[in-house]
Structure formats: C-alpha cells, structure tokens
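Asks: Protein chains in written order, with the numbering used here: chain L, 4 to 356; chain D, 4 to 356. In this text, a Cβ means the ideal position worked out from N, Cα and C, and glycines have one as well. Note that this is a predicted model, so its numbers are computed, not measured. Attaching a single structure in structure tokens format; questions to follow.
There are 2 protein chains.
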Amino acid sequence: MNQALAEATARPPKVSAASVARACGVSPATVSYVMNGKPGVSPETRRHVIRVANELGFRPNGHAGQQEPQLNRVIGLILPNIVNQMYTGWAENIITATARDGFEVFVATTQDNPDTLAQVASTLAARNVDGVIIAAALREDSRALRTLRQRRIPYICLSRRSDHLPGDFVGIDDDTAATQLMQHVLDHGYREIATVIGPRFSTASLAREQAFVRTAAAAETTIAGERKISTRLNRDGGRVAAEKLLATAKPPRAIVCGSDEIAIGVMEHALSLGLRIPEDLAVVGSDGLPHSRSALVGLTTIVQPVQEMAEKAFDLLLKQITKPSNTFTHSLCEHRLHIGRTCGCPPADTTRR
Amino acid sequence: MNQALAEATARPPKVSAASVARACGVSPATVSYVMNGKPGVSPETRRHVIRVANELGFRPNGHAGQQEPQLNRVIGLILPNIVNQMYTGWAENIITATARDGFEVFVATTQDNPDTLAQVASTLAARNVDGVIIAAALREDSRALRTLRQRRIPYICLSRRSDHLPGDFVGIDDDTAATQLMQHVLDHGYREIATVIGPRFSTASLAREQAFVRTAAAAETTIAGERKISTRLNRDGGRVAAEKLLATAKPPRAIVCGSDEIAIGVMEHALSLGLRIPEDLAVVGSDGLPHSRSALVGLTTIVQPVQEMAEKAFDLLLKQITKPSNTFTHSLCEHRLHIGRTCGCPPADTTRR
DNA sequence: GCGTCGCATTAAGCAACGTTAAGTAGATTT
DNA sequence: AAATCTACTTAACGTTGCTTAATGCGACGC
Chain L
4 MNQALAEATA RPPKVSAASV ARACGVSPAT VSYVMNGKPG VSPETRRHVI
54 RVANELGFRP NGHAGQQEPQ LNRVIGLILP NIVNQMYTGW AENIITATAR
104 DGFEVFVATT QDNPDTLAQV ASTLAARNVD GVIIAAALRE DSRALRTLRQ
154 RRIPYICLSR RSDHLPGDFV GIDDDTAATQ LMQHVLDHGY REIATVIGPR
204 FSTASLAREQ AFVRTAAAAE TTIAGERKIS TRLNRDGGRV AAEKLLATAK
254 PPRAIVCGSD EIAIGVMEHA LSLGLRIPED LAVVGSDGLP HSRSALVGLT
304 TIVQPVQEMA EKAFDLLLKQ ITKPSNTFTH SLCEHRLHIG RTCGCPPADT
354 TRR
Chain D
4 MNQALAEATA RPPKVSAASV ARACGVSPAT VSYVMNGKPG VSPETRRHVI
54 RVANELGFRP NGHAGQQEPQ LNRVIGLILP NIVNQMYTGW AENIITATAR
104 DGFEVFVATT QDNPDTLAQV ASTLAARNVD GVIIAAALRE DSRALRTLRQ
154 RRIPYICLSR RSDHLPGDFV GIDDDTAATQ LMQHVLDHGY REIATVIGPR
204 FSTASLAREQ AFVRTAAAAE TTIAGERKIS TRLNRDGGRV AAEKLLATAK
254 PPRAIVCGSD EIAIGVMEHA LSLGLRIPED LAVVGSDGLP HSRSALVGLT
304 TIVQPVQEMA EKAFDLLLKQ ITKPSNTFTH SLCEHRLHIG RTCGCPPADT
354 TRR
C-alpha cells in the first residue's frame with residue numbers, strides 16, 4: 004500500500020524552458036524564440052537549443068502564456084453507427100488525421116435516435132472535448148448542436164447538417180451526385196425505377212431523393228409514391244425495402260439507392276428471389292465503399308472521397324478550435340461516378356480499385 | 004475521530020479530502036477542484052489526484068457517499084485498424100455495452116505498428132482511462148501491456164494476447180475453430196491446399212495457421228512452405244497473397260484463410276483471373292463478418308460471436324476496475340462454422356442470417 | 001435549540017512560467 | 001569611422017496553476 008502509493012505519487016519531473024536555457028547557456032527568451040520558430044536566432048544556437056531540449060525531454064506544453072488555453076487535445080466524433088463502412092471509413096481517417104496533431108478521439112454512436120444524439124452531445128461537452136465532428140446530425144432536431152454552441156465547443160457537420168442551425172459543413176454535392184447517378188440509370192433506358200434512400204431526417208438522404216425524382220421527372224419518368232422508400236441505413240433496411248418493391252405486381256426494372264449498404268441489402272434480397280443482376284434488375288448505390296466496388300459485387304455507385312473529407316473536417320475543426328470565428332465554411336468535396344456492372348454496363352468497364 | 008471505535012465497529016476509516024491532498028502533495032482546495040471537475044487545475048495534477056484518491060478509496064461525499072470513487076468513466080479501446088469489419092463489429096458492441104454503464108470510449112488504432120501500440124498505451128494511460136480493451140496485442144512486444152500494468156490500469160485482451168504477460172483474455176478457441184474449418188475443407192476432398200493468415204505476431208493468426216497445418220497433416224496432406232502465407236489483415240493482403248499462390252505452376256485447389264477480409268481479397272483476385280469459385284478454387288475464411296456471409300458472397304467461415312465477446316470483455320474489464328484482482332480469467336466464447344457456397348457445398352445450405 | 005467544530009467549497013492572492021517588446025553588444029558594411 | 005544589421009539579453013506582461021484564507025453547511029455536544 005505504502006509502496007503502491009509512493010509509486011503512484013512519484014511524478015515525472017517537469018522540465019521548464021528556463022532550465023533548458025540554463026543548460027545551454029542562453030536566456031529563456033532565446034529558448035522561447037527557438038521553440039516557436041521565431042526569427043532572431045542563429046541556426047547554430049537554434050540547433051543546440053533543440054538538441055538540449057530534446058535531451059532533457061522539454062515539453063513546450065508546460066503551462067503559461069497564450070499556449071492554447073487549456074486544450075485537452077480530445078475531440079468527439081458522433082456517428083449514427085459504426086457498422087456502416089461509410090462511417091468507419093471516415094472514422095479511420097479522422098483518427099489518423101487527429102493523431103498527427105496529438106489529438107485523441109471519443110467515438111460515440113447514436114443509432115439515429117434524437118434523444119441519444121442530444122444526450123451524447125451533452126456527455127461530450129461535459130468531458131470538455133475541444134471540438135466535435137458530427138456525421139449524425141438531424142434535419143429537425145438541433146438540440147445537440149445548440150448544446151455545443153452554448154458551451155462554445157466548435158463543431159463540424161460531416162455529410163449531414165441541420166436545417167436550422169448554421170455551422171461549418173463538409174460533404175459532397177449530394178444534389179449533383181444524385182443527378183448524375185440517376186441520369187446514368189436513365190441512359191440505360193430503364194423507366195420503371197424505384198428509389199430507396201436512408202432516413203429523411205438526414206439532409207444527405209433527402210437531397211439525394213429529391214435529385215433522383217427531379218432528374219427522373221426531367222426524363223418524363225414519374226416515380227410513384229410507393230416506389231420512393233426511405234429505410235434504415237444498413238443492409239437490413241435495403242432488404243426490407245426490396246421485399247416491398249419486388250412483391251408488387253409490376254416490380255421496378257431498376258432500383259436507385261441512396262447508400263451502398265442499402266443497395267447491397269436490396270441485391271441480397273433480389274438474389275434470394277432468383278433474380279439476376281443486372282439482367283432482371285439493375286441496382287446502383289451511392290457511397291463508394293471499397294467492398295461494394297470490389298470485383299465480387301461490382302456496384303455502380305457514387306464514390307465519396309473519404310480521406311479528403313475526413314481530413315478537411317478535422318482541418319476546419321482545428322481552425323475553429325484555435326481561432327474561433329463566426330463565419331462558417333461549407334466545403335464540398337469532389338465526388339466521382341464509379342461504373343460497375345450492376346447497372347447493366349459491360350463488365351469491361353469494371354476497373355480495379 | 005475515534006480511531007479505536009472505527010476499528011472496533013470494523014468500518015473502514017473514512018478518508019478525508021485533506022488526507023488525499025497530503026498524500027499527493029497539494030492543497031485540499033486543489034483536491035476539491037478536481038473532484039468537482041472545476042477548472043483551474045492542470046490536467047497533469049488532475050490525473051494525479053484522481054489516481055491517488057482512487058487508491059486511497061476516497062469517497063467525495065463524506066456521509067452521503069453513494070457515488071463510486073470518482074471514476075473517469077472512460078475506457079480505451081485499442082484496435083489494429085477500424086476498417087476491418089471484425090474490429091468495428093467489436094467496437095460497435097463495446098460502445099453500446101459501455102454506454103449502458105455511462106462509460107465513454109477512446110478508440111485508438113495501431114496499424115499493427117509496435118511503436119504506435121506502445122505510444123497509444125502511454126497516451127491512454129496519461130489520460131487516466133479506467134481500463135483498456137486491447138484487440139491489437141502483439142505476441143512479442145508487451146511494452147503496452149507493461150505500461151498499463153505499471154500504472155495499475157486494468158486491461159483485457161480481446162482475440163489476441165501476449166506471449167509473455169498474463170492477463171484477462173476474451174476470444175474464441177482458435178485452435179478448435181481452425182481445426183474444424185480445415186477439416187471441412189479436407190472433407191470436400193481437396194488436397195492441394197494453401198493457407199493465408201494474418202500477421203504471425205498475432206496469437207490468433209498463428210494459432211490458426213498451426214491448427215490448419217496440423218489438421219491437414221493428420222489427413223496426410225502436407226502444406227508446403229510457399230503455400231503458407233502470412234499477410235496484412237485486409238482485402239489487399241488477400242489479393243497480394245492470391246497473386247503469389249495462383250501464379251505458380253501448380254496452383255492450389257483450395258485456399259483456407261485466417262480472416263474474412265483476406266478471403267475476400269483472395270476471391271477478388273481469383274475472379275479477376277477468370278477463375279470460378281468454388282468450381283476452380285475453393286476459398287474459406289474465419290471471422291464470420293455479416294457481409295461475407297451474405298448471399299452475395301456466401302463465404303464459408305468461422306463465425307465469432309461478436310456481441311457476446313464484446314460484452315464479455317467489458318464485463319471482465321468492469322470487474323477488474325471495481326474490484327482489482329490478481330487472478331486472471333480466460334474466457335473462450337463459442338464459435339460456429341457457417342457453411343456458405345465458396346467451399347463447394349451446394350447453395351441449398353446457404354441459410355439466411 | 002444554540003453554538004461549535006470538522007469538513008468541503010469558493011474567492012482572492014501570489015509565484016512561476018513562457019512570451020515578446022525593447023535594449024545592447026559585437027560584427028559587417030559603407 | 002559612422003551606420004546598419006545580427007544575435008542575443010533584459011525586463012515587463014499576461015496566464016496559469018496552486019495555495020492561503022474566508023465562507024458555507026451539516027453534525028454533534030451541551
């Protein structure tokens with residue numbers, strides 16, 4: 004007990020800039036200049052100071068000055084779930100990006116439940132995170148964002164945003180992407196088309212559905228109400244939607260999905276009914292997950308630049324953390340249409356990667 | 004107060020905030036600030052005070068002390084990566100399980116780099132997490148575990164463990180599972196067999212490979228050295244391995260993989276060569292990811308009970324946190340052999356879910 | 001029921017530290 | 001030799017982080 008206490012009580016000795024200064028025979032000011040990359044120090048002295056500082060294990064993060072006041076170097080990441088590879092892809096890249104700057108990440112999931120979202124935001128706020136990246140924002144319910152705003156915790160919306168509260172946003176141009184995707188399906192000549200999207204409380208899902216319908220309408224193809232399905236954002240959601248769509252007397256010839264996971268669920272069900280893809284039913288998605296693009300699946304889909312989006316999001320967040328501002332940035336990243344074979348294009352088009 | 008009385012009534016002597024303050028060389032005020040989450044205390048001191056307070060068993064409310072001794076209610080989760088769905092599956096379930104008890108989760112990834120692992124463990128320790136679940140343990144390098152042990156932070160190894168350091172462990176019986184899987188492949192009559200596993204610094208990968216080889220040998224089938232490949236634990240690793248295996252003069256008739264992601268990579272490459280699965284090449288995996296079991300892929304594989312493992316791991320961790328003990332539990336969960344069609348079994352066997 | 005004591009909380013004070021503007025010595029240029 | 005520039009020091013400042021001291025509150029003795 005006593006020994007344990009002694010061990011626990013032993014605190015690593017702190018190294019001050021002054022001690023570094025003394026150790027290499029310069030003034031504290033010089034050390035300060037070196038550590039902050041300010042001019043006015045000869046390269047020779049600079050090198051020497053850096054070397055000694057490293058040897059002594061000097062951490063400029065001591066305590067004082069305008070050194071980022073009280074940064075915990077922790078950010079929160081709120082995702083709808085961590086099963087959909089779209090989200091884990093972002094998570095992976097965000098974790099990598101943050102690690103570069105010495106940040107840790109709290110990952111929280113909401114299952115798209117508004118109350119969970121609100122509660123998670125409070126919890127994160129209570130934990131004094133330096134900022135939050137939210138990929139689970141809801142159109143109507145901005146409680147979470149409001150909480151963060153009140154506590155002056157910067158946040159970035161990723162992919163989805165709130166209808167009411169302004170703020171920084173990183174995403175793709177859902178409208179254009181969805182338009183291109185639907186246009187490609189129309190170009191195949193399909194006219195009996197159904198759409199299956201994620202929950203309409205997601206701005207991304209809604210924007211895609213609207214673009215799907217508008218583009219189809221422009222080609223004089225009406226998508227009836229019972230052929231516009233909103234479902235859960237996973238394989239199972241797709242399966243349920245496909246059950247409804249394919250059980251009707253006149254099933255659609257093509258199903259345009261607002262998510263790859265949904266598309267895969269749809270295809271699974273179609274296959275279990277003995278339908279061939281794309282001969283009997285064309286299916287396209289929109290996320291560009293690695294495994295749906297693979298040769299095994301060959302899904303035609305919109306590819307989102309996951310890494311770029313993740314890095315951009317953290318970048319913006321870091322900017323808000325270090326230099327809070329009231330001007331909000333909307334950053335739209337370039338998407339890409341990936342042609343697989345599930346839309347009916349010849350397999351030759353299936354490029355690797 | 005009356006020490007004799009306290010002892011006589013067998014009640015533990017109550018620990019005052021002042022004594023905690025003395026024990027870690029700060030003022031009572033500082034302890035108070037820490038216990039109430041008030042600002043004005045450096046993170047370093049805060050962690051230190053919390054650690055000492057926990058060790059002394061300090062209850063914040065002298066009389067109405069119903070609360071646990073100030074836990075951070077944060078655990079760390081160390082994964083090799085967050086792309087492989089095996090890991091995200093565990094992560095999802097661990098996050099859910101911990102949320103029920105009001106715990107938050109730090110997710111860190113190592114990319115299976117020993118230095119990153121060691122560093123991540125230090126960082127988590129510095130953040131004073133209450134415990135850590137590690138699914139990225141390395142056989143040889145137990146620096147990370149040692150760090151945690153020194154700081155008296157409980158940890159649970161998930162799926163992989165260290166060769167050197169004992170500790171709680173949750174996993175499946177890799178040996179039995181791998182034996183069953185290989186036996187199933189042998190039962191199909193295949194004799195030209197290759198194995199592709201994850202990195203050998205993972206105990207799980209190594210155990211599987213050894214069981215594969217042993218089982219094959221028992222059926223008088225030798226697996227040559229160039230047919231035992233260890234590769235990265237993702238689709239790309241599988242692809243690379245398949246390139247090597249299938250380019251030889253006498254390619255194998257069946258490839259037994261130590262991971263679903265690898266199996267999928269192998270299959271992708273095989274398909275791109277125009278091979279039919281399972282007619283030309285049988286492939287089996289071992290993780291039981293939802294999407295490899297789906298009708299689209301139909302992989303024959305070992306199914307790990309993800310949720311059960313996650314909950315068990317957190318359960319054990321919580322036990323270690325609340326009541327540290329020196330006896331270690333090895334908890335083996337029941338796996339299941341899922342028969343798909345990639346091994347050559349008739350499609351009829353493909354059961355849903 | 002009132003006063004006192006023990007203990008936790010909170011406000012005010014103060015020392016330590018890193019930053020930066022101003023100052024200075026020496027070297028180089030003009 | 002005066003001027004200028006470089007490389008550093010000195011000194012003042014704003015923060016932070018912790019302590020000392022004052023406050024508040026409930027328990028217990030009288």
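1. Leaving out five residues on either side along the sequence, give the residues of the same chain with a beta carbon under 8 angstroms from the beta carbon of D:CYS336.
2. So is L:SER205 in contact with chain D if we call contact Cβ pairs under 7 angstroms?
3. Run down chain D in chain order and give the residues with a C-beta less than 7 angstroms from the C-beta of L:ALA94.
4. Return helix, strand or coil for L:SER371, following the three-state DSSP convention.
5. Out of L:LEU127, L:ALA147, L:ASP190, which one is the CA nearest neighbour of L:LEU120?
6. Output yes or no for whether 7 angstroms exceeds the beta carbon distance between L:VAL37 and L:ARG25.
7. Any C-beta of chain L sitting closer than 7 angstroms to the C-beta of D:SER275?
8. For D:ASN329, count the other beta carbons within 10 Å of its own beta carbon; 16 or more makes it buried, fewer makes it exposed. Which is it?
9. Here's a check: name, in chain order, each residue in its chain whose Cβ is nearer than 8 angstroms to the Cβ of D:LEU59, leaving out the five neighbours to either side.
10. Report the neighbours of D:MET270 on chain L: residues whose CB is nearer than 7 angstroms to its CB, in chain order.
11. In the DSSP assignment, what are the bridge partners of D:CYS160?
12. Spell out whether any CB of chain D is found under 7 angstroms from the CB atom of L:VAL132.
13. If we cut at 7 angstroms on Cβ distances, does L:THR112 have a partner in chain D?
14. Mind listing which residues of the segment 213-242 of chain D have their C-beta closer than 8 angstroms to chain L's C-betas, in chain order?
15. Nearest by alpha-carbon distance to L:GLY134: which of L:GLU47, L:PRO202, L:ILE81, L:ALA20 is it?
16. Could you give the DSSP three-state label for L:GLY105: helix, strand or coil?
17. Judging by CA-CA distance, which residue of L:ALA128, L:ASP263, L:PHE317, L:GLN213 is the nearest neighbour of L:GLY228?
18. Which runs of the beta strand (DSSP E) at least 3 residues long sit entirely within the segment 249-294 of chain D? Give them in chain order.
19. How big is the Cα-Cα spacing for L:ILE97 and L:PHE317?
20. Assuming the contact rule is C-beta atoms closer than 8 angstroms, L:ILE156 and L:VAL123 should be a hit. Round their C-beta distance to whole Å, please.
21. Does the beta carbon of D:ARG142 fall short of 6 angstroms from some heavy atom of the ligand ATP?
22. Measuring only between beta-carbons, confirm whether L:ILE98 sits less than 7 angstroms from chain D.
23. Contact defined as beta carbons within less than 8 angstroms: I believe D:ARG142 pairs with D:ASP166. What is the distance between those atoms, to the nearest angstrom?
24. Distance, Cα to Cα, L:ILE136 vs D:VAL110?
25. Determine, using beta carbons only, whether D:TYR193 and D:ALA257 come nearer to each other than 7 angstroms.
26. Report the three-state DSSP secondary structure of D:SER35 (helix, strand or coil).
27. One question on the structure: do D:GLY99 and D:ARG164 come within less than 7 angstroms of each other, judged by their Cβ atoms?
28. Along chain D, which residues have their Cβ under 9 angstroms away from the Cβ of L:VAL108?
29. Please state the DSSP three-state secondary structure of L:SER19.
30. Determine which residues of the segment 291-317 of chain D have a Cβ less than 8 angstroms from any Cβ of chain L, and write them out in chain order.
31. Measure the alpha-carbon distance for D:VAL77 versus D:ASN237 and round it to whole angstroms.
32. For chain L, find out if any of its Cβ atoms is closer than 7 angstroms to the Cβ of D:THR150; answer yes or no.
33. Buried or exposed: which applies to D:THR325, given that a residue is buried once 16 or more other Cβ atoms fall within 10 Å of its Cβ?
34. How big is the Cα-Cα spacing for D:PRO185 and L:ILE159?
35. When you compare only the Cα positions, how much space is there between D:ILE200 and D:ASP263?
Replies: For this structure:
1. VAL173, GLY174, ILE175, GLN307, PRO308, GLU311, MET312, LYS315
2. no
3. ILE85
4. Nothing about residue 371 of chain L can be reported from this structure: the residues present for chain L run from 4 to 356 only.
5. L:ALA147
6. no
7. yes
8. exposed
9. VAL18, SER22, VAL23, ALA26
10. LEU299
11. D:ILE137, D:PHE172
12. no
13. yes
14. ARG238
15. L:ILE81
16. coil
17. L:GLN213
18. 257-260, 285-290
19. 7 angstroms
20. That belief does not hold up - the Cβ atoms of L:ILE156 and L:VAL123 are roughly 13 angstroms apart, past 8 angstroms.
21. Absent from the structure shown: the ligand ATP. Ligands present: none.
22. yes
23. 5 angstroms
24. 15 angstroms
25. yes
26. helix
27. A quick correction: the sequence has Thr, not Gly, at residue 99 of chain D. Contact: no.
28. PHE109, VAL110, ALA111
29. coil
30. PRO293, HIS294, SER297, ALA298, LEU299, VAL300
31. 29 angstroms
32. no
33. exposed
34. Note that residue 185 of chain D corresponds to Met in the displayed sequence, not to Pro. Approximately 49 angstroms, taken between the alpha carbons.
35. 10 angstroms
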